[in-house]
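Enquirer: Heads up: the sequence shown is residues 1 to 556, going by the working numbering. Mind having a look at this structure? Questions to follow.
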Amino acid sequence: MKQQNLKTWFKSGTPWVWMNAGAVAIAILMTLGLLSVIAVRGLAHFWPADVIVADYQVPGSPARVVAGEVVEAEEVPRARLAASGLPVDVEGGEFMTRELLKVGNREVYGADFTWVVGEWLSEMRRPAELMAVERREWGNFYGYLVNVKEQGQVVAEGADAWTELQQRIARVDELHAQIAELEKVDIGRINHGLERLRLRTRQLELDGRLDATAQADLDAERAEWDAHYKALESELVALNQQFSRDSMTVRTADGREMEINLGKVVRAYQPNDMSIADKLGFYFAKLWEFVSDEPREANTEGGIFPAIFGTVLMTIIMAVIVTPFGVIAAVYLREYAKQGLLTRIIRIAVNNLAGVPSIVYGVFGLGFFVYVLGGSIDRLFYPEAAPAPVFGTPGLMWASLTLAILTLPVVIVATEEGLARIPRMIREGSLALGATKSETLWKVVLPMASPAMMTGLILAVARAAGEVAPLMLVGVVKLAPTLPLNGNYPYLHLDQKIMHLGFHIYDVGFQSPNVEAARPLVYATALLLVLVIAILNFSAVVIRNHLREKYKALDH
Numbered sequence: 001m002k003q004q005n006l007k008t009w010f011k012s013g014t015p016w017v018w019m020n021a022g023a024v025a026i027a028i029l030m031t032l033g034l035l036s037v038i039a040v041r042g043l044a045h046f047w048p049a050d051v052i053v054a055d056y057q058v059p060g061s062p063a064r065v066v067a068g069e070v071v072e073a074e075e076v077p078r079a080r081l082a083a084s085g086l087p088v089d090v091e092g093g094e095f096m097t098r099e100l101l102k103v104g105n106r107e108v109y110g111a112d113f114t115w116v117v118g119e120w121l122s123e124m125r126r127p128a129e130l131m132a133v134e135r136r137e138w139g140n141f142y143g144y145l146v147n148v149k150e151q152g153q154v155v156a157e158g159a160d161a162w163t164e165l166q167q168r169i170a171r172v173d174e175l176h177a178q179i180a181e182l183e184k185v186d187i188g189r190i191n192h193g194l195e196r197l198r199l200r201t202r203q204l205e206l207d208g209r210l211d212a213t214a215q216a217d218l219d220a221e222r223a224e225w226d227a228h229y230k231a232l233e234s235e236l237v238a239l240n241q242q243f244s245r246d247s248m249t250v251r252t253a254d255g256r257e258m259e260i261n262l263g264k265v266v267r268a269y270q271p272n273d274m275s276i277a278d279k280l281g282f283y284f285a286k287l288w289e290f291v292s293d294e295p296r297e298a299n300t301e302g303g304i305f306p307a308i309f310g311t312v313l314m315t316i317i318m319a320v321i322v323t324p325f326g327v328i329a330a331v332y333l334r335e336y337a338k339q340g341l342l343t344r345i346i347r348i349a350v351n352n353l354a355g356v357p358s359i360v361y362g363v364f365g366l367g368f369f370v371y372v373l374g375g376s377i378d379r380l381f382y383p384e385a386a387p388a389p390v391f392g393t394p395g396l397m398w399a400s401l402t403l404a405i406l407t408l409p410v411v412i413v414a415t416e417e418g419l420a421r422i423p424r425m426i427r428e429g430s431l432a433l434g435a436t437k438s439e440t441l442w443k444v445v446l447p448m449a450s451p452a453m454m455t456g457l458i459l460a461v462a463r464a465a466g467e468v469a470p471l472m473l474v475g476v477v478k479l480a481p482t483l484p485l486n487g488n489y490p491y492l493h494l495d496q497k498i499m500h501l502g503f504h505i506y507d508v509g510f511q512s513p514n515v516e517a518a519r520p521l522v523y524a525t526a527l528l529l530v531l532v533i534a535i536l537n538f539s540a541v542v543i544r545n546h547l548r549e550k551y552k553a554l555d556h
């Protein structure tokens, strides 16, 4: 009887329902667990951790003072430490503690991080006056403030030095913003204008129209640009002099003194003296800097805004390109093409294209889009720029087109499935009411299939935004000096190279010279890439659901 009930239970399909539900639950838990690990390891990087000072004595060597943030601690077998050359007593316990300290002061110690044995640390303390200095170059500095100087003369020391330092750092930040505005916007506009003037001069030479009158007009325009540049140059020189005016004398934990120009300082803070509210304010300020600022220190410090901007802009351009081509191809295959052997072969080819490795698309984009199509565009429309390429080099346009080709099969298949689900009687009813086939297609069939089109677009965006391999060949670089969208004509520069979050993760994680400093940024950037893809997909899902509700009545 029990065996019969068991067979009936299996035949009912209940076990398979529970198995599928369990598999989905496990997949969700694994995804949430992965995101949690990425979030914890990435977001914890921005918290202002306490800086410890301790005496460190390796057996048989004199004691020395170390200071830094405890980044990681682990239990290591004594035998392993002994094998690495450390004077470890192998007769002790089985394990010893090894700690990774971020000691900073790269110009003093040669490296930002060092491993120490926890059992050899003593007299550990957290001085309130110990400061951490975040610099534009050479990483962090940890030590004590001795005095603040203006043009080499001491203006504050002792208890007043810290307040004076904060005021002068705020002043330097304002000057840095002004200098950046001058260099990137004002001087950048002048350089852009001079380059366009040079190309126009060359174009007139090629056309044989560079006579005395044209040359005089060009010289007058060039003189106007030069005069404007000289005025800005004088302003820039004055700002740079003010920018490098102040400095501070600092002392490391082991007593060495050095001078740091405040122009190289981003911020200075005393983490051991900060309250929880102060640390929270610092934390969110660092988070905002991460998403809104430009990278520095070989992409291991600063922000990643250019990579966010490049990823979103490239994905939007890709979506604008792939959607009409994918929809037109699907409409032709489903509504117009004769359903025979050739159509079946085309569908098989489309499905197989979805499984082609992405790097193959990158090679195709480099060979066809960049060298063939881009080179032809340069010869036809930009002969004055030769031998420098305009579109005959990797850039935003070719990266977007390559991703469009890569995701085209997804849009075609999803749109075809949507068209196939529309009942034939709806088409026949429209035709019976006097509509033509094209009117039926544009006003009835395509609107009802629009949710399926959005599904294809969602899948395309999800795949394209995370691709890295093909983009390395067709337009993505480690560091782009300017954004492809700015105030210089023609405003959207499709020929420029861009930064990308996926490539940024690869570069920071595998190409960075400072691995320990780069590791938390890999997690933080990966989390941000997931969030960017989620936001893009969520926007498309909202549009799809709106279209689905709008045309739900027609489905019935």
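Quick reminder that beta carbons are idealized off the backbone N, C-alpha and C, glycines included. Small disclaimer: the values here were computed from a predicted structure and weren't measured.
1. So E259 and T252 are supposed to be a Cβ contact under 8 Å. How far apart are they, rounded?
2. So, with DSSP's three-state summary, where would you put D173?
3. Could you say which of N147, E183, K184, R98 lies nearest to Q166 if we only look at CA atoms?
4. How about the region 190-200 and the region 225-241: do they share at least three Cβ pairs that are nearer than 8 Å?
5. If G392 and V474 are in contact, beta carbons under 8 Å, what's the gap, nearest whole angstrom?
6. What separation, rounded to the nearest whole angstrom, lies between the Cα atoms of A414 and G281?
7. When you compare each of K497, A54, A435 to F397 by their alpha carbons, which one comes out closest?
8. Could you tell me the alpha carbon to alpha carbon distance between S438 and P423, rounded to whole angstroms?
9. Are there 16 or more other CB atoms within 10 angstroms of the CB of L433, so buried, or fewer, so exposed?
10. Around the Cβ of R344, are there at least 16 other Cβ atoms within 10 angstroms (buried) or fewer (exposed)?
11. Buried or exposed: where does D89 fall if 16 or more other Cβ atoms within 10 Å of its Cβ makes it buried?
12. So, at 7 Å on beta carbons, what are the nonlocal neighbours of E129 in its own chain, with the 5 sequence-adjacent residues on each side left out?
13. Quick one: residues in its chain with C-beta nearer than 6 Å to the C-beta of G375, no 5 flanking neighbours on either side, listed in chain order?
14. With a threshold of 16 other CB atoms inside 10 Å of the CB of W18, please say whether the residue is buried or exposed.
15. Report all residues from its chain with a CB closer than 7 Å to the CB of D50; omit the five preceding and five following residues, and keep chain order.
16. Could you check what DSSP says for W162 in three-state terms: helix, strand or coil?
17. Per DSSP, what kind of secondary structure is R98 in: helix, strand or coil?
18. Measuring CA to CA, which of I52, G85, K184 is closest to M131?
19. Flag this pair as touching only if the region 457-471 and the region 536-545 have three or more C-beta atom pairs under 8 Å; answer yes or no.
20. Could you tell me the distance, in whole angstroms, from the CA atom of G85 to the CA atom of V515?
21. Which whole runs of the alpha helix (DSSP H) in the region 65-125 are 4 residues long or more, in chain order?
22. Excluding sequence positions up to five away, which residues of its chain have a Cβ less than 8 Å from the Cβ of W115?
Expert: On the basis of the data shown:
1. Not a contact, Cβ separation roughly 13 Å.
2. helix
3. N147
4. yes
5. Their Cβ separation, rounded to whole angstroms, is 12 Å, which puts G392 and V474 out of contact at 8 Å.
6. 47 Å
7. The identity of residue 397 in the sequence shown is Met, whereas the question assumes Phe. The shortest Cα separation from M397 among K497, A54, A435 belongs to K497.
8. 17 Å
9. exposed
10. exposed
11. exposed
12. Y144, Q270
13. G392
14. exposed
15. R126, P271, N272
16. helix
17. strand
18. I52
19. yes
20. 23 Å
21. 78-83, 106-109
22. R98, E99, L100, L101
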